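Q: Residue numbers (UniProt numbering): 1 to 301.
1) Enumerate in chain order the residues of its own chain whose CB-to-CB distance from residue 96 is below 7 Å, with the five nearest sequence positions on each side excluded.
2) Are the beta-carbon atoms of residue 160 and residue 56 separated by less than 8 Å?
3) Report yes if the CB atom of residue 269 is closer than 8 Å to the CB atom of residue 189, and no otherwise.
4) Touching or not, the segment 281–292 and the segment 146–166, by the rule of three or more beta carbon pairs under 8 Å?
5) Residues in its own chain within less than 8 Å of residue 296 by CB, not counting five upstream and five downstream?
6) Would you decide whether residue 173 is buried or exposed? Buried here means 16 or more other CB atoms lie within 10 Å of its CB.
7) Just to confirm the assignment: which complete alpha helix (DSSP H) runs, minimum length 4, are found wholly within the segment 164–248?
8) Please report the residue range of the alpha helix (DSSP H) in which residue 102 lies.
9) Under a three-way DSSP split, which group does residue 288 fall into?
10) Which residue's Cα is closest to the Cα of residue 227: 252, 209 and 157?
11) Under the three-state reduction of DSSP, which class applies to residue 293: helix, strand or coil?
12) Would you call the CB atoms of residue 112 and residue 220 closer than 8 Å?
13) My parser needs the alpha helix (DSSP H) runs of 4 or more residues fully inside the segment 96–160; what are they?
14) Given this structure, state the Cα-to-Cα distance separating residue 131 from residue 248, to the nearest angstrom.
15) Using alpha carbons as the reference points, say which of 231, 204, 202 and 170 lies closest to residue 213.
16) Restricting to Cα atoms, I'd like to know which of 85, 60 and 149 is closest to residue 105.
17) Could you check whether the segment 258–272 touches the segment 129–144, counting it as contact only if at least three pairs of C-beta atoms, one from each stretch, sit closer than 8 Å?
18) Please report the straight-line C-alpha distance between residue 136 and residue 194, rounded to a whole angstrom.
19) Closest to residue 178 by C-alpha separation, out of 293, 154 and 196, would be which residue?
20) Give me the Cβ distance between residue 205 and residue 238, rounded to the nearest whole Å; I'm assuming they're in contact under 8 Å.
21) Between the C-alpha atoms of residue 225 and residue 261, what's the straight-line distance to the nearest angstrom?
22) Tell me which same chain residues have a C-beta within less than 8 Å of the C-beta of residue 246, skipping the five on either side of it?
23) Whose C-beta lies closer than 6 Å to the C-beta of residue 292 among residues of the same chain, with five residues either side of it excluded?
24) So, helix, strand or coil for residue 58, using DSSP?
25) Compare the C-beta of residue 158 against all C-beta atoms of chain D and say whether one is closer than 8 Å.
26) Starting from residue 259 and walking both ways along the alpha helix (DSSP H), at which residues does that stretch end?
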């Protein structure tokens, strides 16, 4: 879990340059569609950021902390944490993510239903992977002490009660079938991100870079343009923050920036393994909730 935030940065007033920047974004992304997204709030539409300006990323940090607290509360009340019951909360995850995005980007609600659904569903799979990273950070001492037998126990507990009747697997078969994927995931997805020791500002930048992925092919062209523009803003602010964090050492900041931009590629590898695990669920008659299956099948297309 993210640590709590002590103070939220206040919104800045509007300036003439801000208004020009809003017009620039509006002109570059406007369409005549009734369902197209209206210009984002001022804080998200700068095309020329002053040095050290990071207010957009800073503004989102407390919102994410609230999201994390709500998610923790929901999952802590879950009686069983096996595969079926965990995936049965997929609709709750979608709702929490949707609320998070709309709290930070109110105009998101003006997108077409199809575009909103596509963006949210794709982001949910990414946030699931990041949650594993955050969990590892929060329980780093516990996980460092875990041996293979402990991991086996966790895996078997996760699948306990989730097999169709008559299709149950013994521990050895469970580990042989699912163990390699779990091992890969933690070694090549979770650990590389954990080793980067992200602070809250860096994490927030990565979260929104992942959300506004400009590679989407099944959303409107205007939504793709908007995603691309916002990603550029987040990239600029992340660079500004890193320069300040590195005490003005531009070379060090750029090196850190490039390392952080490897995270989306790591997450993509994780999503591929996630899909492989879902296929194994299907082949071995592991029961998971239909909401979860629906999300994962859409990501295969």
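From the three backbone atoms N, C-alpha and C, an ideal C-beta is built for every residue, glycine too. If you're wondering where the values come from, they're calculated on a predicted model, not measured in any experiment.
A: Considering the structure as presented:
1) By 1-based counting over the chain shown, the position of residue 96 is 96. Once the five neighbours on either side are set aside, the close Cβ partners of residue 96 are 67, 70 and 71.
2) Looking up residue 160 in the chain shown gives position 160. Looking up residue 56 in the chain shown gives position 56. No, the pair does not count as a contact, with Cβ atoms beyond the cut-off.
3) Your numbering for residue 269 matches position 269 in the chain shown. Your numbering for residue 189 matches position 189 in the chain shown. Yes, the pair counts as a contact, with Cβ atoms nearer than the cut-off.
4) yes
5) Reading the chain shown from its first residue, position 296 is the one you call residue 296. Take residue 296, set aside five residues on each side of it, and the residues of its chain with a beta-carbon closer than 8 Å to its own are 125, 274, 275 and 278, in chain order.
6) To locate residue 173, count along the chain shown from 1; it is residue 173. With fewer than 16 other Cβ atoms within 10 Å, it is exposed.
7) 171–185, 191–194, 200–211 and 221–245
8) As a first step, residue 102 is located in the chain shown; it is residue number 102 there, counting from the start. Unbroken alpha helix (DSSP H) run through residue 102: 90–104.
9) Translated into the one-based positions of the chain shown, residue 288 becomes position 288. Reduced to three states, the DSSP call for residue 288 is coil.
10) To locate residue 227, count along the chain shown from 1; it is residue 227. Among 252, 209 and 157, the Cα nearest to that of residue 227 is on 209.
11) The residue given as residue 293 occupies position 293 in the chain shown. Three-state result, residue 293: helix.
12) Numbered from its first residue, the chain shown carries residue 112 at position 112. Numbered from its first residue, the chain shown carries residue 220 at position 220. Yes. Within cutoff.
13) Here the runs fully enclosed are 113–138, 140–144 and 148–159.
14) Walking along the chain shown from the start, residue 131 turns up at place 131. Walking along the chain shown from the start, residue 248 turns up at place 248. The alpha-carbon atoms of residue 131 and residue 248 are separated by roughly 32 Å.
15) Within the chain shown, residue 213 is the residue found at index 213, counting from 1. If we check each option's Cα against that of residue 213, 231 comes out closest.
16) If you number the chain shown from 1, residue 105 lands on position 105. Residue 60 is the option with its Cα nearest to residue 105.
17) yes
18) Taking the chain shown and counting its residues from 1, one reaches residue 136 at position 136. Taking the chain shown and counting its residues from 1, one reaches residue 194 at position 194. One C-alpha to the other measures close to 8 Å.
19) Start at 1 with the first residue of the chain shown, and residue 178 comes out as number 178. Nearest C-alpha to residue 178: 154.
20) In the chain shown, counting from the first residue as 1, residue 205 sits at position 205. In the chain shown, counting from the first residue as 1, residue 238 sits at position 238. By a beta-carbon distance limit of 8 Å, residue 205 contacts residue 238. Their separation comes to about 4 Å.
21) As a first step, residue 225 is located in the chain shown; it is residue number 225 there, counting from the start. As a first step, residue 261 is located in the chain shown; it is residue number 261 there, counting from the start. Using only the alpha carbons, I get a separation of about 20 Å.
22) By 1-based counting over the chain shown, the position of residue 246 is 246. These residues qualify, in order along the chain: 252, 253 and 256.
23) As a position in the chain shown, residue 292 is number 292, starting the count at 1. Within the same chain, residue 292 has close Cβ partners 87 and 90.
24) On the chain shown, position 58 is the one that residue 58 refers to. The answer is helix: DSSP assigns residue 58 an H, G or I state.
25) The chain labelled as chain D is not found in the depicted structure, where only one protein chain is given.
26) Stepping through the chain shown from its first residue, residue 259 is reached at position 259. First-last of the alpha helix (DSSP H) with residue 259: 250–260.
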